[in-house]
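Some notes on the structure that comes next.
In UniProt numbering, the protein residues as written are 1 to 407.
Encoded structure:
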């Protein structure tokens with residue numbers, strides 16, 4: 001009890017004594033613990049003093065206003081946000097569903113934002129603390145979160161592959177690395193975003209030696225390869241192995257020659273605007289050729305097609321942990337260059353292999369920049385149907401896939 005120091009009257013209700021706030025019932029007894037005062041929930045400690053601010057009690061945390069009233073709902077203190085249960089005032093920890101949104105509060109009650117790892121699963125909470133679900137772009141990267149907020153990894157969602165960090169990239173991306181002499185786009189396709197790089201170049205000769213515009217067959221094989229790799233990703237059969245690689249495929253490195261050329265001894269095989277053989281125009285071991293079939297001019301990289309391809313090779317290979325370069329032609333039934341790569345195609349086609357790097361060749365430049373490089377010459381076909389019947393695409397794809405999963 002407290003009796004007034006001046007008149008001895010027994011204290012009731014709220015009294016401030018010595019700078020502390022107490023509460024005395026109508027019977028004059030000093031209250032301790034939980035007390036309801038005019039509809040407000042308050043707490044008085046073992047000394048009868050009203051609690052303000054945080055209270056730890058029976059492994060739960062509560063917050064009380066300056067008035068002593070227990071706080072409920074959202075509470076912002078400085079830069080931190082908390083949630084006190086609307087019914088019992090207990091500070092939220094862990095996952096909470098509030099207003100149809102999911103939040104996460106740490107053991108200290110602070111609402112979390114950004115990336116959080118919980119029980120080996122990763123979640124992301126936005127600037128409002130809301131757990132993200134579905135597709136989200138975070139820091140310039142695309143991620144996918146399941147209905148329960150868990151970041152998905154090492155799997156295909158729609159047209160995207162999610163790598164080991166959960167970053168989603170289109171399984172197949174199309175790009176342009178320059179323009180031909182006649183202004184056509186020089187297109188490439190990228191499959192995967194791994195640190196290893198394989199670059200496959202088709203059709204540097206628009207005409208080979210089977211029939212007019214026969215590099216259309218090479219372009220078709222390239223397109224079949226792109227589609228097959230995409231399906232391998234989507235079936236997830238080999239997605240994890242393939243994800244270690246960035247695979248670049250150029251279906252037609254000399255589109256002008258393929259579309260507007262007229263001969264395999266000049267423009268057609270060579271570029272149209274400069275009449276140059278791209279495959280003898282690269283800098284390492286370059287020597288000028290002046291014949292119609294192999295014309296290069298006096299300097300390397302004399303055509304827009306060769307210059308753009310040179311730059312693309314350098315950019316694609318830059319920083320790669322493993323480098324493989326393939327230059328695909330027809331129709332001499334052989335591989336030239338690095339046997340450790342050529343053997344995968346030799347096994348499929350029964351090719352003969354020549355360990356050589358001729359001057360000015362694309363593979364010779366590839367070798368100089370640290371790429372295991374091979375020029376592949378498909379066997380001579382009699383027609384388009386012969387290419388299909390002998391399964392050139394399937395054998396090439398099998399050889400390429402074996403390179404990817406074994407290196």
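Glycine is no exception: its CB is placed at the ideal position from the N, C-alpha and C atoms.
{"Asked": "Given this structure, state the Cα-to-Cα distance separating residue 126 from residue 201, to the nearest angstrom.", "Found": "43 Å"}
{"Asked": "In chain order, what residues of the same chain have a beta carbon less than 6 Å from the beta carbon of residue 268, not counting five sequence neighbours either side?", "Found": "206, 207, 257, 261 and 262"}
{"Asked": "Residue 393 by DSSP, collapsed to three states: which one?", "Found": "helix"}
{"Asked": "Roughly how many angstroms separate the alpha carbons of residue 152 and residue 72, rounded to a whole number?", "Found": "35 Å"}
{"Asked": "Taking the alpha carbon of residue 140 as the point to measure from, which residue in 166, 148, 266 and 80 has its own alpha carbon closest?", "Found": "166"}
{"Asked": "Which residue's Cα is closest to the Cα of residue 343: 385, 406 and 290?", "Found": "406"}
{"Asked": "With DSSP collapsed to three states, give me the class of residue 436.", "Found": "Outside the shown range of the chain (1 to 407) lies residue 436, about which nothing can therefore be said."}
{"Asked": "Could you tell me if residue 131 is buried or exposed, where buried requires 16 or more neighbouring beta carbons within 10 angstroms of its beta carbon?", "Found": "buried"}
{"Asked": "Based on DSSP bridge pairs, tell me the residues matched to residue 136.", "Found": "143"}
{"Asked": "Assuming contact is defined by CB atoms lying nearer than 8 Å, are residue 82 and residue 98 in contact in what I supplied?", "Found": "no"}
{"Asked": "Alpha carbon to alpha carbon, how far is residue 85 from residue 62?", "Found": "9 Å"}
{"Asked": "Report yes if the CB atom of residue 243 is closer than 8 Å to the CB atom of residue 194, and no otherwise.", "Found": "yes"}
{"Asked": "Could you check what DSSP says for residue 380 in three-state terms: helix, strand or coil?", "Found": "coil"}
{"Asked": "Measure the beta-carbon distance from residue 410 to residue 80 and round it to whole angstroms, keeping in mind my assumption that it falls under 8 Å.", "Found": "Lying outside 1 to 407, the shown extent of the chain, residue 410 is not represented and no answer is given."}
{"Asked": "Check whether the Cβ atoms of residue 90 and residue 45 lie closer than 8 Å to each other.", "Found": "no"}
{"Asked": "Could you please give me the residues that DSSP links to residue 104 through a beta bridge?", "Found": "95"}
{"Asked": "I'd like to know whether the C-beta atoms of residue 173 and residue 189 end up nearer to each other than 8 Å.", "Found": "yes"}
{"Asked": "My understanding is that residue 369 touches residue 336, with C-beta atoms under 8 Å, so please give their C-beta distance in whole angstroms.", "Found": "Their Cβ separation, rounded to whole angstroms, is 17 Å, which puts residue 369 and residue 336 out of contact at 8 Å."}
{"Asked": "Less than 7 Å between C-beta atoms, sequence neighbours within five positions excluded: which residues of the same chain meet that for residue 135?", "Found": "142 and 144"}
{"Asked": "If residue 252 sits next to residue 215, beta carbons under 8 Å apart, how far is it from one beta carbon to the other, in whole angstroms?", "Found": "7 Å"}
{"Asked": "Quick one: grab the DSSP three-state call for residue 51.", "Found": "coil"}
{"Asked": "Can you list, in chain order, the residues of its chain with a C-beta nearer than 6 Å to that of residue 322? Leave out the 5 residues immediately preceding and following it.", "Found": "196"}
{"Asked": "With distances taken from CA atoms, which of 277, 333, 2 and 289 is nearest residue 309?", "Found": "277"}
{"Asked": "Mapping DSSP to helix, strand and coil, what is residue 195?", "Found": "coil"}
{"Asked": "Terminal residues of the continuous alpha helix (DSSP H) containing residue 367?", "Found": "362-368"}
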